[in-house]
Structure formats: C-alpha cells, structure tokens
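For the protein sequence lines, the chains are F and D, in the order given. Take 11 as the starting number for the first sequence in my numbering and just add one per residue. Take 6 as the starting number for the second sequence in my numbering and just add one per residue.
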Amino acid sequence: MFTRDMTFTDVERLDRIAAEAIETFVMDEDAFRAFYDRTARSVWSYLARITGDRALADDLLQESYYRFLRAERRFDNESHRRNYLFRIATNLAHDRRRRGRHAVSVPVPAENEPGALVDRSDLAGDTERRTDLARAMATLKPREREMLWLAYAQGSSHEEIAESLGVRKASIKILLFRARRRLAAALGGARPTSARGHAEPRT
Amino acid sequence: MKAPIECPRESDVLDALASKRWPHRVDRELVDHVASCQICTDVLVVASAMREDHDATWQEASVPSSGQVWWRAEMRARQEAIREASRPLTFVYVVAASVALAVMAVAGWLAWPAVHDFASSIASTKVSELASPVTLPLLVALGALLVVAPVALYFVLSDE
C-alpha cells in the first residue's frame, strides 16, 4: 500500500527505455534468427563437449546468444560474428568452472540417443568409440578440449581458433600439437574409427 | 634438432576425412605416408574420432527455436533496462533519508540544552500550569513530530 503509483509519464518513460534496450542489440530479429539457425547446433555441441554437461550447455547457449546480442561492437563479417560467439561461449564455460558450480566430467553418450546417424548394427561400436573419446577428452585440460574440438570437430582454421579462444595465433600451432599428441595417446593410438575397417587404399 | 610439430600432409589427411574418402578412396601414397608419419597418424586418430562424435552430438542437439531465444533476450533486455533506469531513483531516496536523519540528529544535539531546560522547568511546574495557552500547543506539536517523523521516513523508504 505504500508503493508509489506509477504515473502515465512513468509508464511511457519505462516503455521508451525498454524499447531503446532492444535497439542496442547487434542485429535485428530476422538477422538474428537466421544467424542462430546457422550456428546454434554448433555452439550447443561445443558447449556440451567442453563442459560435459548437456543441461549446462542448454543454459550457456541462451546466455551466449544474449551476451552476443548485447555486445557493443561491430562485426566485419559472418566469420567474426561466429568467432565472437564462440569466444563468449568459451568464457562462460570458464566462468562456470572457476565458480566451481560445475565439475567437468565428460559424459558417456547414451546408447539410445535419438537421431544418431548410425544404423543399429553399428550402434554398439559407435557408442563404445564415443565413450572412449569422452574418457580421453576428460583427461585433457579445458583449453586443450576447446582447441581440439574447434580444430578437428568443427574444422576451424588456426586464425579462427585464436579469435574464438582469445589466444595468440602464433601459439596455436604448438598448443594444438601438444593437445593432439595427448589425446591420441589417451585414445591409445588406435587407428581411426570412422574408417570402420582397415585402411585400404584405392588401387 | 627439434622434432617437427607439423607435417605438410596434415591438410591432405583432413581433406580425405572431410570428404569421406578415407580410407577407401585415397591414394596408397597417402596411406603409406600416414603409416610412417607420427604427426599424420595423430591427426587421423584425433580428427576421425572427433568428427564422428561431432556428427552424433550435432544430431542429438536439442536447441530452442530462434524465436524463443529472441523473445527471452528481448524480455531480459527490457527488464534490465528498467531496473537500470530505476536505480538512480532508489539512490536519491536513500541519500535523502540519510540526510534527513543526519539533520534530525544535529538539530537534536543543538537543541538539547534548551530541551533540558524546558524539561527541568516542567518538572518544577504544577500540572495545572502546563495547560497554559503557550505550553500545551508546544507539547502537542512535539508529540506529533515524534509520531509523524518516523512514519514519514517509513513512507519515503518504502516507496520503491
């Protein structure tokens, strides 16, 4: 009962302030929706793999796009936008880790995950391989996981990785080499799995 | 001599994987090279495992719709803007209340000798004399002030 009633002027003023907040977004709704549709699955996959937590990946996905929209900067092109988005996602994952709310444990992929790209006959083999990768990834440092995922899962260039992780481009080569060596060793130096058989060169 | 950290054939291996030509549709020369090159072997092991995992994770990803994400962002931006706009007002109220309290304290401290003298004179005065045309309104005003001041302060502070 002691709350001051808002006048019509107050409402108008707050409406105007709220509308101005939307105008500060880095892109309009149509552009955002197109950009989101192009990038959301990649960002989610990245977050899920580097944090090892799908629920956390859901949270951080929303937060990443919100911070991206509120970023007070201009982007030269799609690649810059995308790298900046991954940088936000990376920093959010780091923040969560530092706060200790989330202990990184790369999860074992569920056997009957919907939509898996494999046929049933090879499901067990694929699940086993993904489990091996998850365990091996868990032995790496967060930065190594991020770098390897960007380089080999998403096919990002050294420049893009440097921009996404905020690391000097000159350092990427050696850092990537070390991370790759460690992961290959953790995977037991096994032959690649996507080949689904032994390498048989074309003759 | 330093051990090499990269191999010029890395990109060939990655291209073969990306185009799904490995291992059946690549030159034997590349396969032989990978077999003898530790760096390319590592690249092949790591990249093939990660690509496979990426494809599966991509399919499993259940992301909210773009419209939903936009709407939530819009709502949140509005709320934050309004909260931000209201903050200076709250600050002003707090400062005003603090100043009022300080003024009251200083005024009380300055007026204390007079109040003390007044209280002493009342103590030595008969009750019938208190009802004089001068002292009664003064006492009533003082009592009202003691009641009204805290209530007024409460109204100011509870405005938000």
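Cβ atoms here follow ideal geometry from the backbone N, Cα and C, with glycine treated the same way. On a predicted model such as this, the values are computed, not experimentally measured, just so you know.
- Taking a Cβ-Cβ threshold of 8 Å, the residues of chain F close to ALA90(D) are ARG23, LEU24, ILE27, in chain order.
- The beta-carbon of ARG77(D) is placed less than 8 Å from the nearest beta-carbon of chain F.
- Neighbourhood of ARG81(D) in chain F, by CB distance below 8 Å: TYR76, in chain order.
- Neighbours of ALA58(F) across chain D, judged by C-beta separation under 7 Å: THR62.
- A direct Cα-to-Cα measurement between VAL97(D) and PHE96(F) gives close to 41 Å.
- The C-beta of LYS183(F) comes closer than 8 Å to at least one C-beta of chain D.
- ASP32(D) carries a strand assignment under DSSP once its states are collapsed to helix, strand and coil.
- Residue state for GLY72(D) is assigned as helix, using DSSP reduced to three classes.
- For ILE32(F), the C-beta contacts it makes with chain D under 8 Å involve GLU79, ALA82, ARG83, in order along the chain.
- Sequence-ordered contacts of the stretch 36-54 of chain D with chain F read VAL36, ASP37, VAL39, ALA40, GLN43, ILE44, THR46, ASP47, VAL48, LEU49, VAL50, VAL51, ALA52, SER53, ALA54 [C-beta pairs closer than 9 Å].
- Proximity of ARG83(F) to chain D, defined by a Cβ-Cβ separation below 8 Å, is not satisfied.
- Among the residues of chain D, none has a CB under 9 Å from the CB of ASP105(F); the nearest is roughly 18 Å distant.
- Proximity of chain F to ALA66(D) at the Cβ level (cut-off 7 Å) is accounted for by ARG51, TRP54, SER55, in chain order.
- None of the residues of the stretch 91-122 of chain D has a beta carbon lying less than 7 Å from any beta carbon of chain F.
- If only uninterrupted alpha helix (DSSP H) runs of at least 4 residues are considered, those enclosed by the stretch 49-125 of chain F are 64-79, 88-109.
- Minimum Cα-Cα distance from GLU11(D) among the listed residues ALA61(D), GLY148(D), THR46(D), ALA157(D) corresponds to THR46(D).
- In the DSSP annotation of this structure, GLN164(F) is not part of any alpha helix (DSSP H), being labelled neither H nor E.
- Neighbours of ALA194(F) in chain D, taken as residues whose beta carbon is under 7 Å from its own, are ASP47, VAL50, VAL51 in chain order.
- Taking the beta carbon of ASP69(F) as reference, no residue of chain D falls within 8 Å; the closest one sits roughly 11 Å away.
- The alpha-carbon of VAL111(D) is positioned some 10 Å away from that of VAL104(D).
- Taken through DSSP and simplified to helix, strand or coil, VAL177(F) comes out as coil.
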